[in-house]
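Worksheet for the structure shown next.
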Amino acid sequence: MKIKLTILVALFTVQATYAQIGAGNLFAGGTMEIVNNTNTNSFTFSPTAYYFISDQLAIGGSVGFQTWRNNPGEDDYTRTNFLHITPAVRYFWTLTDQAYIYGQGSLGLSFGGAKNYVGNTSTDAYDDTNLRLGVGTGVMYLLSPSIGVDLGLNLFSFNRNSRTTPQIGGGEQTTTDNSFRLGINTLSPSFGLYYFF
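Numbering (mature numbering (1 follows the signal peptide of the UniProt record, and there is no 0)), first residue to last: -19 to -1, 1 to 178.
Here it is as structure tokens:
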């Protein structure tokens, strides 16, 4: 019995040691979503990755693409495409051998626009450029040496959207909208599943 208990404790210790995050580790995840309903078809692809440059500091972010079309199957529709790039940094504090709390800062840029289609004819609807600064916190829990679950909350964000719209008769009009968000919404956290290398 003592031998079995010793082996079990040794295996648990090795597992816990191996599961810890640290310098040189890479973790990756992302989003892929296809939506097909009566009014809209959309596709989103956004891989995310972070690399630990020290035992507590990870740098990375996400790069993604999103496209959607309204009135699927109709000759008159609008097609919208966006590309986004979001570099980010995370600082981790150890709670247990498998649980970590982190603070995150990110700076996102997305750009794209929409075109209106009537049969084979297309016209520009608008072009958008979005800038987002975000600060948040979260908890990372390692289910195994290679799988981690992430629960994040936004604390503060600043968004700046610039939309350029063609005008009838020529020319363009650009409108800018700024928005701030401060606080925690526990009803809409972000949830992620990451693979550790």
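Built from N, CA and C at the ideal position, the CB exists for glycine as well.
Please read these numbers as outputs of a predicted model, since none were measured by experiment.
Residue of GLY119, GLY152, GLY54 and PRO28 minimising C-alpha distance to ASN22 = Comparing alpha carbon positions, the residue from GLY119, GLY152, GLY54 and PRO28 closest to ASN22 is GLY54.
Using the DSSP secondary-structure output, state which residues sit across from ASN41 in a beta bridge.
-> The sequence as given places Gly at residue 41; Asn does not occur at that position. Beta-bridge pairing links GLY41 to TYR31 and ALA69.
In three-state terms, what does DSSP make of ASN166?
-> Under the three-state reduction of DSSP, ASN166 is assigned to coil, being neither helix nor strand.
Could you tell me how far apart the beta carbons of LEU64 and SER91 are, in whole angstroms, since I believe they sit closer than 8 Å?
-> The pair is a contact, with the Cβ atoms about 7 Å apart (cut-off 8 Å).
From which residue to which residue does the beta strand (DSSP E) around PRO53 run?
-> If you look at PRO53, you'll find it isn't in any beta strand (DSSP E); DSSP assigns it neither H nor E.
Between THR67 and the rest of its own chain, which residues show a CB-CB distance below 6 Å, the 5 nearest in sequence each way excluded?
-> If we look at THR67 and ignore the five residues flanking it on each side, its Cβ neighbours are GLY42, SER43, SER87 and GLY89.
Going by Cα to Cα distance, which pick from THR12, GLY5, PHE26 and TYR58 is closest to LEU38?
-> The option with the nearest alpha carbon to LEU38 is GLY5.
With respect to the beta strand (DSSP E) encompassing PHE177, which residues constitute its N-terminal and C-terminal limits?
-> Counting along the chain, the beta strand (DSSP E) containing PHE177 begins and ends at 171 to 177.
For the beta strand (DSSP E) that GLY5 lies in, which residues bound it at each end?
-> Counting along the chain, GLY5 falls outside any beta strand (DSSP E), and DSSP gives it neither H nor E.
State the beta-bridge partners of LEU88 as determined by DSSP.
-> DSSP lists LEU114 as partners of LEU88.
Test: LEU134 CB closer than 8 Å to a CB of chain B | The structure shown contains no chain B; it holds only a single protein chain.
For residue 202, I'd like the list of residues in its chain whose CB is within less than 6 Å of its CB, leaving aside the five on either flank, ordered along the chain.
-> Since the first residue of the chain shown is -19 and the last is 178, residue 202 is not available in this structure.
Under the three-state DSSP convention, the category GLY93 falls into | In this structure, GLY93 counts as strand in the three-state DSSP scheme.
Check ILE82 in the structure and name its three-state DSSP category.
-> Three-state result, ILE82: strand.
Between ALA69 and the rest of its own chain, which residues show a CB-CB distance below 7 Å, the 5 nearest in sequence each way excluded?
-> Excluding its 5 nearest sequence neighbours in each direction, ALA69 has C-beta neighbours in its own chain below 7 Å: GLY41, GLY42, GLN85, GLY86 and SER87, listed in chain order.
Rounded to whole angstroms, what's the CA-CA distance from ARG50 to ASN18? Just pull it up for me.
-> Cα to Cα, ARG50 sits roughly 11 Å from ASN18.
In terms of residues, what are the limits of the beta strand (DSSP E) holding SER138?
-> In the DSSP assignment, SER138 falls within the beta strand (DSSP E) that extends over 128 to 147.
Helix, strand or coil at ASN125 [DSSP, three-state] | According to the sequence provided, residue 125 is Ser. The question's Asn does not apply to it. DSSP places SER125 in the coil class of the three-state scheme, outside both helix and strand.
Who does LEU64 pair with in a DSSP beta bridge?
-> DSSP, once it has assigned bridges, lists PHE46 and PHE92 as partnering LEU64.
Tell whether a beta-carbon distance below 8 Å holds between GLY119 and LEU136.
-> Not in contact: GLY119 and LEU136 (Cβ atoms no closer than 8 Å).
Have a look at ASN166 and SER35 and give me their C-alpha separation to the nearest angstrom.
-> Computed Cα separation, rounded: 31 Å.
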